[in-house]
Structures are given as C-alpha cells and as structure tokens.
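A short worksheet on the structure shown next.
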Amino acid sequence: MEKIASFTIDHLRLVPGLYVSRKDTVGSEVITTFDLRMTNPNEEPVMNTAEVHTIEHLGATFLRNHPDYGKKIIYFGPMGCRTGFYLLLAGDYESKDIVPLMIEMYEFIRDYRGEVPGASPKDCGNYLDMNLGMANYLANRYLEQVLYHITEKRLVYPQ
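To get the numbering used here, take the position in the sequence shown, counting from 1, and add 1320.
Right, here's the structure in full:
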C-alpha cells in the first residue's frame, strides 16, 4: 500500500512551522491543506488532549466567524499525533498567504478568557476535557517561537 503524503515528510527534520501539506481539486475548486505544526515532532512532549481540544474549539469558532475567510474554511482540527493542527481552506494558497490569519487566530486564542465556545454537555461530546490556561500558553508560544518571526525554513517542508 502506498504511503499517504503526510507520512512522506521527514519528521526527524521537521520543526514547528506553517506548511502547505497538500492541494487537492474538488470539482473546479482547489482545497489547500495546511500543517500548523506547533511542537517539534519526536523531540518534545506532545500537547495534551485538553489543550488541543480547547484550541480546536477556539480556533474553529474564530475561523468560521472570520469576515474574510469564514466562508472558505473547510476544516480545522488536531493531528492525531497531537503535535499540531490541520487547516483546510477553499482556494489555492501558499503558507505565507495565511500568516496574518494565523497570527490573528493565535492571538485570539492567547488572549481568550471566559467560557470556551461549545464547552457544554449539550454542545460537545467531551466538554469537560478543556484546559484554557494551557491553550493560552501554547498559542503564545507558537506566536513567539514561530509566527511573529517566521522564516522560509518554517514555511516549506524540509527536503
């Protein structure tokens, strides 16, 4: 069986960044999948499910309500390995195109206080598994270590 594209990336050389993972065509529309890699794979601890879940709720809420990108959001959610997130956008994009959007989103997550959207038994199947404090911390860490000073090395997968 052929490996899927995401398993062909050298995770031993991959660093936290913002990468185009793949581009697919559905009908006449291009769907761009982004790899929002927040932790260094196989080098540091993965994120716990509570903070991943919180980032997912806040990020999805922010993105779906965004005035420019809201209608282009296909999906935002965690990687199974818990080292980052996938964002699928309708349109043909490069990583650098969405840096401002990701800065906006992660600042929103970093600064968010209060009740996490959708964190209730009526709205979520695991509403108690949330950690807003760690989500705030990890968003700030990603902003400071990656997004605010992003370089080409963190925009294009290693070869």
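Ideal Cβ placement from N, Cα and C applies to all residues, glycine included. A quick note: this is a predicted structure, and the numbers were derived from the prediction, not measured.
Burial check for E1363: the Cβ neighbour count within 10 Å stays below 16, so the residue is exposed. When secondary structure is reduced to three states using DSSP, K1391 falls in the helix class.
Here G1453 carries a helix assignment [DSSP, helix/strand/coil]. For Y1426, the enclosing alpha helix (DSSP H) stretches over residues V1419 to D1431. Contact check for T1403 and R1357: beta-carbon distance about 6 Å, within the 8 Å limit, so the pair qualifies.
Per the coordinates, the alpha-carbon of E1435 lies some 39 Å from the alpha-carbon of P1478. N1360 and Q1465 have their alpha carbons spaced roughly 11 Å apart. F1405: member of the beta strand (DSSP E) spanning G1404 to A1410, first to last residue. Remark: fewer than three beta-carbon pairs, one from each stretch, lie closer than 8 Å, so the region 1409–1421 and the region 1436–1444 are not flagged as touching. The criterion of a C-beta distance shorter than 8 Å is satisfied by A1459 and I1429. Out of A1380, S1348, R1342 and V1335, the CA that lies nearest to the CA of M1422 is found in A1380. Looking from the CA of R1342, the closest CA among S1348, S1326, E1376 and R1333 belongs to S1326. For V1346, the enclosing beta strand (DSSP E) covers residues G1337 to V1346. Cα atoms of Y1457 and I1351: separation of roughly 30 Å, rounded to the nearest angstrom. Judged by beta-carbon spacing, R1474 lies within the 8 Å limit of L1338, meaning their Cβ atoms are closer than that value.
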